[in-house]
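Data first, discussion second: the structure below is written as structure tokens.
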Amino acid sequence: MKLTTYAQIGALLLASTTAFADSHEAASEEDAQLMIVEAALAGGDAAAGEKIFKKCKACHMIGEGAKARTGPALNNVVGAEIGDFEGFKYSAGMVALAEADEIWTIENLNALLIKPRDFVAKTKMSFAGLKDEQDRADLIAYLAGFTTVEADD
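Heads up: the sequence shown begins at 199 in my numbering, then just goes up one per residue.
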């Protein structure tokens with residue numbers, strides 16, 4: 199089933215997280231990260247998201263060897279703490295969100311992608327945003343495809 203609205207994505211994430219927590223009292227961090235990725239992938243088309251990501255390439259890199267540019271590299275962004283990418287100097291607004299322990303949830307990514315300057319005050323991000331809900335879901339699905347789960351050693 200392909201989900202087409204942000205509300206459906208959020209409902210899936212909430213339902214899957216609740217069901218998982220109920221059935222696994224001590225869920226591992228890796229399992230929780232996988233659930234975030236699965237929920238993001240369920241809401242959009244990653245192949246379509248790759249095309250939409252072309253709008254982001256001027257400032258962001260993703261994939262093997264990705265480095266910070268004007269914006270941070272976006273590997274592992276889905277489910278990450280906001281402002282948690284090493285080697286990038288964040289704006290005051292992003293630092294404030296990081297200090298509030300905000301996470302790049304699907305909801306927060308969606309809000310940022312609608313209009314970055316409305317999501318975070320004083321951001322350096324000049325992107326105008328994505329008005330189309332499906333475009334945002336597709337882009338989030340694409341970003342989620344670059345989320346890896348590290349095993350505890």
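Every residue gets a Cβ at the ideal spot worked out from N, C-alpha and C, and that includes glycine. Since the model is a prediction, treat every value here as computed from it, not as a measurement.
Checking 8 Å against the spacing of the C-beta atoms, do residue i and residue j come in under that value?
i, j, result
"residue 251", "residue 270", "no"
"residue 335", "residue 242", "yes"
"residue 317", "residue 272", "no"
"residue 277", "residue 292", "no"
"residue 279", "residue 304", "no"
"residue 308", "residue 260", "no"
"residue 256", "residue 286", "no"
Quick check: what's the CA-CA separation for residue i versus residue j?
i, j, result
"residue 253", "residue 340", "13 Å"
"residue 296", "residue 311", "18 Å"
"residue 323", "residue 314", "7 Å"
"residue 288", "residue 329", "25 Å"
"residue 342", "residue 274", "7 Å"
"residue 268", "residue 262", "18 Å"
"residue 321", "residue 244", "27 Å"
"residue 258", "residue 248", "13 Å"
"residue 332", "residue 319", "25 Å"
"residue 409", "residue 306", "With the chain covering only 199 through 351, there is no way to say anything about residue 409."
"residue 264", "residue 298", "27 Å"
Quick check on residue i: does DSSP put it in helix, strand or coil?
i, result
"residue 301", "strand"
"residue 279", "strand"
"residue 243", "coil"
"residue 331", "helix"
"residue 315", "helix"
"residue 323", "coil"
"residue 259", "coil"
"residue 273", "coil"
"residue 248", "helix"
"residue 413", "The structure shown does not extend to residue 413, since the chain spans only 199 to 351, so no value can be given for it."
"residue 221", "Annotation note: pLDDT 43 at residue 221 (below 50); position unreliable, no value reported."
"residue 343", "coil"
"residue 266", "coil"
"residue 291", "helix"
Please find out if some non-hydrogen atom of the ligand SAH comes closer than 7 Å to the beta-carbon of residue i.
i, result
"residue 241", "Absent from the structure shown: the ligand SAH. Ligands present: none."
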